[in-house]
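Here the protein sequences come in this chain order: A and B. -12 is the number of the first residue of the first sequence in this note's numbering; add one for each residue after it. 2 is the number of the first residue of the second sequence in this note's numbering; add one for each residue after it. The C-beta atom is built at its ideal place from N, Cα and C for all residues, glycine as well. Predicted model only: the values in this text are computed from it and were never measured.
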Amino acid sequence: MRGSPCFPDVTPLVRKTLLCFGWLCLAGGAWAQDAGLGEVWRNLADRQNTAAQLALAATPASAGRERQLAEAVVKLGRQPVTQATLREAEGELAQLAQGNDELAAQAGYLQARVWSVHMQTPDYARAAELYRALAKRFPTNHWARLGLVKLGMLTLYTLPEPADPLMRLRTVETMMPAVAEPPLQRDLNLQLARAAVLFGRPETETLVYLKAVDRVGGLVGLVAEEVVLQLGELSLRVGRLDESKAYFERFLRDFPTNNRGYNVTLKLQEIAARQHAAKGGQP
Amino acid sequence: MKKRRSWWRRLPLGLQLLAVGYIACLAWVFTYGTPVLPQKKITLRIAHWQIEKGPPDGIDEVIKRYEKLHPEVKVEQVLVPGGIYRLWLRTMLSGGEAPDIVEFGAWLENVTDIPLRYFEPLTEPLLEPNPYNQGTPLEGVTWLKTFEDELLEQRSNSPEPGQYYSVTMSRGSWRMFANTDLLKEITGSDQVPTRFDDFLKLCAQVKAYGQAHGKSIMPLAGAKDNATFFAFLYMQGLMAKYTFTMDRDGVLAVDNRQLSSAYLEGRWRWQQPELQASLTILGQLFAQMKPGFLQLTRDDAVQEFMRGDALFVFTGTFDGTTLRRLAPFHVEAYRLPQPTKDDPVIGKYLAGHFVDGDNTTGFSLYLNKATKHPKEAVDFLRFLTSYESGRSFMAKSGWITALRKVPIPPEIVSDLSPADGIVAGACYCNAGSEATRLFWNEVYRMTRPHGSVEDLTKALDEKMPKAMRMDLETEEHNQRLTLAPRDVGIAAVGALAREKADDAALRLRRERLESAQNQSEGLTLYLGQQLRSVPRP
């Protein structure tokens, strides 16, 4: 009986079994590699940064650009955060952003985030520049659109130009078509509404933004309830009594557990009195 | 030379396979299989600071029932005094030794980082019915909707908008607890006036009675804590009309952050007439407490009341059980007397009847992310906040349950307020850490002999701009701290969504995370803009 160079003294049957086992091991290894990165992302999503670091360490370097991205994201979340680590992560993200795919768009977005919120002293101008470049390179990508929402907020509150508050609002309004995705447009309209109030713009203008927010819906937390309150109250302030009444009634119907319900019932009484007076009755 | 075969290769193939199979079985049994030895008893620990009379007994009662139902689980209650709770909790969480379930409050100072770092959201189980409600009026109702306020506090202050991190145990209000034996002795009746001016007349009657009988009886038990409760409630209510003029957003309330911003923008001052009038009313209440009350604590006030040295103690219904069960006299809870629009001091500035308790539930319990028994801990939380447990907790603790549809015993039904009060939000004396500290440091200018509201408000307006600015800067800093960690989560969920583009739940999670961050980021930048737009004092 002649053996193979690798398995000199085994029967063909055993040799075939061992070969099958080897292939299975290789396939398993490849699966483990995928599971490894999935595990890293899952841990990061669940804020288990240490577990994510361990999972990342167990993932082979051959996992490619996605592994590099995961490595940079792990660095962004690793405690204690140091400026040196952030600069390192930023460099890696900048390199990854050179590509022309989804990973590059995500890396480009995160690179802007490093300057915008991660660095101890944010560089908003740099972040804005990166958001703009990203939107230009990947106009239909989600990360670029999310970046536009962030750019909109920077434009409203932080960037030096345009200096005039009204121009800030108008500049951000022009971004809206490029933001494209309704949930992101909703978030940006919410910021426009807040800024309009802060800049002392007329209630009618704020109402336009708020109605756009309301059309999309799906906000989470107390803000969902407050948007309906705002729509009711601002409509009342500009004398749109029927609209105001409808919003306040909707508030009582949709959010019966909000503790401002009593305030709203007083508002409804006020509206009823004003409507009665408008029809010629005594106020 | 003949090559020598290893012992393994000399074994017949059948034996080799048998050996491999045996080892695999051993590995399976010790890693994945059911334990060979009987399972050890699981111990769950629940920690809270509600160590007043009542709640620990109520929870013990629920634990006993749970342990009967689940003999494999033991539940221990860890009672930690409120004074050291924050420090204790942080130490335990950092050391990985914290109990499985812990009480927490979003309003606790200097621990705002804790929920995101150490607690696990309960959103998913909250959106399913609580199985322990089977056969009760809450059967089939999602767990979230079994709470009277559907966890309003979590909607307002969740560490991650859209996520629920806690469940609540109780609700209550602010009440004037009276020694009705003494009240009858003094007035011949057990009625307490509802009008503020009549209440002040009663207070004068109490002082006169004490002098006539050679006793030192104060109308109100005094302590800084109880004065703080008064300030919190009355200033919010008395100032409601003016507060609403500052509600630029139109949300029918102004929060403390907006109040601080408005102060820095010069939209209100302590020396303006509305504030002077409100502080005059507050001063009239403080004058019913014994001199030096600012140096005393809530326990001192309770003791003063228990000794019969004060006719009333003003506090939250969280003290109700202690007062009712330990006082050697009959105790009754009364709603607060409120000034009306014909009041000569404050009348013209009033919006109307203000809130003295709403449906917001509290005593919030969070799940420790590091618990070794998450499944069992959630199961216990479900049991603890089930209809039957709500009933037994209420009977034993004297605290009103947070749950809907559970009948409230008649003796504590007065602890609840009907929805008949205006909510304005802004707490002028408790606007932020620095502003609060400054107010209470300076309040002696009003309460000392020959002190005055004018003295107090002048001093506050001189020093307050710096304090308010510091509070806003802290707020901006805290908001900023939440942004960077969320980027990591958003990047990760985005990467997962790339692999599973058709996963609706993942898509929703991603949208919510991004939207929550957009809201927080907008607020941070908004605060920064506000801070830049007002000159530094």
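N-terminal and C-terminal residue of the beta strand (DSSP E) that residue i is part of
{"i": "residue 317/B", "result": "311 to 317"}
{"i": "residue 334/B", "result": "332 to 335"}
{"i": "residue 139/A", "result": "Residue 139/A -> not in any beta strand (DSSP E); alpha helix (DSSP H) instead, spanning 129 to 144."}
{"i": "residue 74/B", "result": "74 to 80"}
{"i": "residue 221/B", "result": "219 to 221"}
CB contact below 9 Å: residue i versus chain A
{"i": "residue 497/B", "result": "yes"}
{"i": "residue 279/B", "result": "no"}
{"i": "residue 88/B", "result": "no"}
{"i": "residue 98/B", "result": "no"}
{"i": "residue 357/B", "result": "no"}
{"i": "residue 379/B", "result": "no"}
{"i": "residue 103/B", "result": "no"}
{"i": "residue 492/B", "result": "yes"}
{"i": "residue 51/B", "result": "no"}
{"i": "residue 421/B", "result": "yes"}
{"i": "residue 151/B", "result": "yes"}
{"i": "residue 397/B", "result": "no"}
{"i": "residue 403/B", "result": "no"}
{"i": "residue 131/B", "result": "no"}
{"i": "residue 538/B", "result": "no"}
{"i": "residue 284/B", "result": "no"}
Chain A residues whose Cβ lies nearer than 8 Å to that of residue i
{"i": "residue 520/B", "result": "174, 177, 208, 210"}
{"i": "residue 336/B", "result": "Here the premise fails: no neighbours, minimum Cβ distance about 15 Å."}
Contacts of residue i in chain A (Cβ-Cβ under 9 Å)
{"i": "residue 409/B", "result": "Those do not exist, as residue 409/B stays about 18 Å from chain A at its closest Cβ, beyond 9 Å."}
{"i": "residue 157/B", "result": "208, 209"}
{"i": "residue 1/B", "result": "Past the edges of chain B, shown from 2 to 538, lies residue 1/B, and the structure says nothing about it."}
Through-space distance from residue j to residue i, alpha-carbon basis
{"i": "residue 42/A", "j": "residue 58/A", "result": "11 Å"}
{"i": "residue 196/B", "j": "residue 347/B", "result": "13 Å"}
{"i": "residue 55/B", "j": "residue 238/A", "result": "37 Å"}
{"i": "residue 183/A", "j": "residue 472/B", "result": "24 Å"}
{"i": "residue 266/A", "j": "residue 198/A", "result": "28 Å"}
{"i": "residue 248/A", "j": "residue 360/B", "result": "11 Å"}
{"i": "residue 112/B", "j": "residue 208/B", "result": "43 Å"}
{"i": "residue 206/A", "j": "residue 309/B", "result": "53 Å"}
{"i": "residue 116/B", "j": "residue 160/B", "result": "6 Å"}
{"i": "residue 290/B", "j": "residue 284/B", "result": "10 Å"}
{"i": "residue 552/B", "j": "residue 201/A", "result": "Past the edges of chain B, shown from 2 to 538, lies residue 552/B, and the structure says nothing about it."}
{"i": "residue 99/A", "j": "residue 487/B", "result": "15 Å"}
{"i": "residue 252/B", "j": "residue 84/A", "result": "42 Å"}
{"i": "residue 124/B", "j": "residue 23/B", "result": "44 Å"}
Residue i and residue j closer than 9 Å at C-beta
{"i": "residue 417/B", "j": "residue 168/B", "result": "no"}
{"i": "residue 89/A", "j": "residue 511/B", "result": "no"}
{"i": "residue 414/B", "j": "residue 391/B", "result": "no"}
{"i": "residue 363/B", "j": "residue 173/B", "result": "yes"}
{"i": "residue 112/A", "j": "residue 146/A", "result": "yes"}
{"i": "residue 232/B", "j": "residue 430/B", "result": "yes"}
{"i": "residue 259/B", "j": "residue 462/B", "result": "no"}
{"i": "residue 287/B", "j": "residue 178/B", "result": "no"}
{"i": "residue 153/A", "j": "residue 188/A", "result": "yes"}
Interface partners of residue i on chain A, CB under 7 Å
{"i": "residue 515/B", "result": "133"}
{"i": "residue 361/B", "result": "246"}
Contact with chain B by residue i, beta-carbon distance below 9 Å
{"i": "residue 166/A", "result": "no"}
{"i": "residue 98/A", "result": "no"}
{"i": "residue 158/A", "result": "no"}
{"i": "residue 181/A", "result": "yes"}
{"i": "residue 93/A", "result": "yes"}
{"i": "residue 189/A", "result": "no"}
Endpoints, alpha helix (DSSP H) assigned at residue i
{"i": "residue 275/B", "result": "274 to 287"}
{"i": "residue 261/B", "result": "257 to 265"}
Neighbour list for residue i in chain B, Cβ cutoff strictly below 8 Å
{"i": "residue 245/A", "result": "153"}
{"i": "residue 140/A", "result": "519, 522, 523, 526"}
{"i": "residue 38/A", "result": "Going along chain B, no residue has its Cβ under 8 Å from residue 38/A, so there is no contact; the nearest lies around 11 Å."}
{"i": "residue 116/A", "result": "Neighbours of residue 116/A on chain B: none; closest Cβ ~17 Å, over 8 Å."}
Chain B residues whose Cβ lies nearer than 7 Å to that of residue i
{"i": "residue 250/A", "result": "253, 423, 424"}
{"i": "residue 200/A", "result": "The premise fails here: residue 200/A is roughly 11 Å from chain B at the closest Cβ pair, so nothing lies under 7 Å."}
{"i": "residue 64/A", "result": "486, 489"}
{"i": "residue 170/A", "result": "512, 516"}
{"i": "residue 28/A", "result": "493, 496, 497"}
beta-carbon residue i near the ligand FAD non-hydrogen atom, thresh 8 Å
{"i": "residue 119/B", "result": "The model depicted lacks the ligand FAD and carries no ligand whatsoever."}
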